[in-house]
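Going by the working numbering, the final residue of the sequence shown carries number 318, and the count climbs one at a time with no gaps.
Virtual Cβ for every residue (Gly too), placed ideally from N, Cα, C.
Okay, structure first, notes after.
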Amino acid sequence: VKIHGSEKRRGWVKLHIGIDAKTQEIIVMEVTDDKEADSTVFPKLIDRAPKTVRKAFADGAYDRAHCRKALLNRGIQDCIHPRRKGKVRAEEGLKERNTALQIIRGFGGDEEAFDLWKKLAGYHKRSLVETAFSRLKRLFGERLSNKTFSNLEDETIFRCHVLNRMNAA
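Here is the structure:
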């Protein structure tokens, strides 16, 4: 920075994945840049998901009405962590969310109540995605070698396919 002037801002590539909880296989993926919000990618993932998907587990970044409606349109039950100060709303597709909020408030609405809801809902399955990311990073590292976005996308998809092949073996 001292020699060449100010440092240019670096962007990053985000990988959004969905996995099969039983096989740990990555069944759906989307590669985006750092400017695209997670919740805008979610409906694309749901559209590409296999027809056999019956339940989706996701973190609080996906606690949006349009994400839940995308699941409702496909007939997929949601298990999405509601926001801490979420309010019960009477919109279509928010039944699961409203039920979760009522259960959490029934348990007291504190951190312990959220933990109880997670256990009751089976929310811990969401952490299997974190395990998949950990395996990807351990095998291939955290950096990509290509420069253009389309090549970065291809490299990331290739890595996911290799991980799936290793899981199947």
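Task: Boundaries of the alpha helix (DSSP H) in which residue 303 is found, first to last residue - done: On the sequence shown, residue 303 is found 154 positions in, with the first residue counted as 1. From DSSP, the alpha helix (DSSP H) with residue 303 extends over 298-317.
Open item on the list: Taking its Cβ as the centre, do 16 or more other Cβ atoms sit within 10 Å of residue 172, making it buried, or is it exposed?
Closed with: For the purposes of this step, residue 172 is taken as residue 23 along the sequence shown, with counting starting at 1. A residue is called buried when at least 16 other Cβ atoms come within 10 angstroms of its Cβ; residue 172 does not meet this threshold and is exposed.
Task: Status (buried if at least 16 other CB within 10 Å, exposed otherwise) for residue 152 - done: Here residue 152 corresponds to residue number 3 of the sequence shown, with the count starting at 1. The residue in question, residue 152, is exposed, as its Cβ has fewer than 16 Cβ neighbours within 10 Å.
Open item on the list: Using DSSP's beta-bridge definition, name the partner residues of residue 167.
Closed with: As a first step, residue 167 is located in the sequence shown; it is residue number 18 there, counting from the start. In the DSSP output, where bridge partners are listed per residue, residue 167 has 177.
Open item on the list: Only counting the same chain, and skipping five residues up and downstream in sequence, which positions put a Cβ closer than 7 Å to that of residue 250?
Closed with: For the purposes of this step, residue 250 is taken as the residue at position 101 of the sequence shown. Around residue 250: 231, 235 and 237.
Task: Touch test, the region 301-316 against the region 261-276, Cβ-Cβ under 8 Å, three pairs minimum - done: Inter-segment contact for the region 301-316 and the region 261-276 is absent: fewer than three beta-carbon pairs are separated by less than 8 Å.
Open item on the list: One question on the structure: do residue 229 and residue 203 come within less than 8 Å of each other, judged by their Cβ atoms?
Closed with: Start at 1 with the first residue of the sequence shown, and residue 229 comes out as number 80. Start at 1 with the first residue of the sequence shown, and residue 203 comes out as number 54. Taking 8 Å as the cut-off, the Cβ atoms of residue 229 and residue 203 do not count as close.
Open item on the list: Need the endpoints of the beta strand (DSSP E) that residue 205 sits in, please.
Closed with: Counting from 1 along the sequence shown, the entry for residue 205 is found at position 56. Note, residue 205: beta strand (DSSP E), 204-207.
Open item on the list: Can you tell me which residues form a DSSP beta bridge with residue 216?
Closed with: As a working mapping, residue 216 is identified with position 67 in the sequence shown. Under DSSP, residue 216 shares a beta bridge with no residue.
Open item on the list: Which complete beta strand (DSSP E) runs does the region 223-290 hold, if anything under 3 residues is left out?
Closed with: With a minimum length of 3 residues, the continuous beta strand (DSSP E) runs that stay inside the region 223-290 are 226-229.
- [ ] Go ahead and label residue 292 buried or exposed: buried means 16 or more other beta carbons lie within 10 angstroms of its beta carbon, across all protein chains shown.
- [x] Here residue 292 refers to the residue found at position 143 when the sequence shown is read from its first residue. Exposed is the call here.
Task: Backbone secondary structure at residue 187 - three-state DSSP - done: Taking the sequence shown and counting its residues from 1, the one referred to as residue 187 is at position 38. DSSP places residue 187 in the helix class (H, G or I) of the three-state scheme.
Task: Cβ-Cβ distance between residue 192 and residue 216 below 8 Å - done: Working through the sequence shown from its first residue, we reach residue 192 at position 43. Working through the sequence shown from its first residue, we reach residue 216 at position 67. Going by C-beta atoms, residue 192 is nearer than 8 Å to residue 216.
Task: residue 182 - partner residues in DSSP beta bridges - done: Taking the first residue of the sequence shown as position 1, residue 182 is located at position 33. Per DSSP, 162.
Task: Under the three-state DSSP convention, the category residue 192 falls into - done: Residue 192 sits at position 43 when you count from the first residue of the sequence shown. Shown here, residue 192 sits in a helix according to DSSP, grouped into three states.
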